[in-house]
Amino acid sequence: MARLAEAQARTEERVGRLEERVGRLEEAMARLAEAQARTEERVGRLEERVGRLEEAMARLSEAQARADERMGRLEEAIAQLTEAQARMEARAEELTQAYVHMQEVMRSLVQQVGQLSQQVGRLSEVVGFTLEDLAREVTPAYLAHHYGIHVKELERRFFTIEGEEIEVDLYGEGWRDGEQVVVIGEVRSRIYGRDVEAVVRRVQELRPYVVGAPVIVLFGFVIHPSAREAAQRLGAIVISSSGRGS
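Oh and the sequence shown: position 88 is 133 in the numbering used here, straight run, nothing missing.
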């Protein structure tokens with residue numbers, strides 16, 4: 046019995062120790078449960094933060110995609126502008142070359158016009174002198190035959206009136222019916238009425254400086270009808286190079 050009692054006592058002691066260990070395990074389990082709860086709470090909060098981060102990352106990705114798209118459009122626009130600039134520079138170069146060529150052409154034209162003017166001037170002088178020479182040969186005989194005016198020869202004469210020099214193409218002193226006359230004439234390739242009027246005014250200015258009654262003569266290749274009318278009206282004589290007169 047004594048041994049049973051001791052065994053019982055040892056059993057109870059072991060049970061007590063087991064109960065203590067179970068109690069400690071229960072406390073540890075409780076602490077683990079609390080820690081697990083806290084961990085789950087933290088994990089929940091982390092999941093929320095991760096969710097927010099994922100949303101933010103998604104928004105950033107969308108923004109980046111939009112930025113990339115805008116950048117692509119900008120790069121395309123810059124490429125187009127660069128191409129347009131290149132075309133404009135090429136066009137500007139073409140225009141510059143065209144302008145330089147035009148300047149060269151203009152200089153050439155100016156030179157040609159200058160040369161042509163000189164040639165025309167020389168031709169005019171040649172024609173003028175030839176026509177004057179013809180007038181000096183034809184006019185005396187024409188005046189003698191048609192008007193009874195006898196003049197030995199005609200020459201170029203210069204007068205100075207009040208400091209102004211006046212040039213006369215045809216000048217010669219002669220006679221008509223015993224009266225002294227002076228032939229004063231102008232030589233032109235084409236003669237119009239206004240030319241006749243101008244020569245008449247010039248002869249009126251010269252009247253005080255010549256001796257004899259003035260005989261106004263205009264000699265030319267072409268006689269316009271207005272010149273014949275003015276000559277009849279003003280008492281002048283117009284003679285064509287063919288020998289026909291007014």
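Where is the CB? At the ideal position from N, CA and C, for every residue including glycine.
Assigned exposure category for residue i - 16 Cβ within 10 Å defines buried
i    : result
E170 : Low per-residue confidence applies at E170: pLDDT is 49, beneath 50, and the placement is therefore not dependable enough to give any value.
E107 : exposed
G68  : exposed
L77  : exposed
Assumed close pair residue i, residue j - CB separation to whole angstroms, cut-off 8 Å
i    : j    : result
A281 : G238 : At roughly 10 Å, the Cβ-Cβ gap does not stay under 8 Å, so A281 and G238 are not in contact.
I229 : P259 : 6 Å
S204 : Y144 : Correcting the residue type first, residue 204 is Phe in the shown sequence and not Ser. About 53 Å separates the two Cβ atoms, so there is no contact after all.
V227 : G257 : 4 Å
L287 : L179 : It is Ser, not Leu, that sits at residue 287 in the sequence shown. That belief does not hold up - the Cβ atoms of S287 and L179 are roughly 10 Å apart, past 8 Å.
Alpha-carbon to alpha-carbon, residue j and residue i
i    : j    : result
A131 : E93  : 56 Å
L176 : R152 : 35 Å
G61  : G89  : 41 Å
T127 : Q148 : 31 Å
E120 : Q142 : 32 Å
V213 : R278 : 22 Å
M46  : T84  : 55 Å
E139 : V241 : 56 Å
E57  : E64  : 10 Å
L263 : E231 : 5 Å
Coarse secondary structure for residue i, derived from DSSP in three states
i    : result
A281 : coil
D222 : coil
Y216 : strand
V260 : strand
H195 : strand
G8   : Nothing about residue 8 can be reported from this structure: the residues present for the chain run from 46 to 291 only.
E274 : helix
V267 : strand
S234 : strand
V145 : helix
V67  : helix
Neighbourhood of residue i by C-beta distance below 6 Å, restricted to the same chain and skipping five residues each side
i    : result
H195 : A189, G219, W220
Close beta carbons around residue i, own chain, < 8 Å, minus the five adjacent residues each side
i    : result
E198 : R181, P185, G217
H269 : R235, I236, Y237, G238
Y192 : R221, V260, I282
Closer than 7 Å to chain B by CB, residue i
i    : result
E207 : The chain inventory of the structure shown lacks chain B, comprising one protein chain alone.
Own chain, CB closer than 7 Å to residue i, minus 5 neighbours either side, in chain order
i    : result
E200 : Y216, G217
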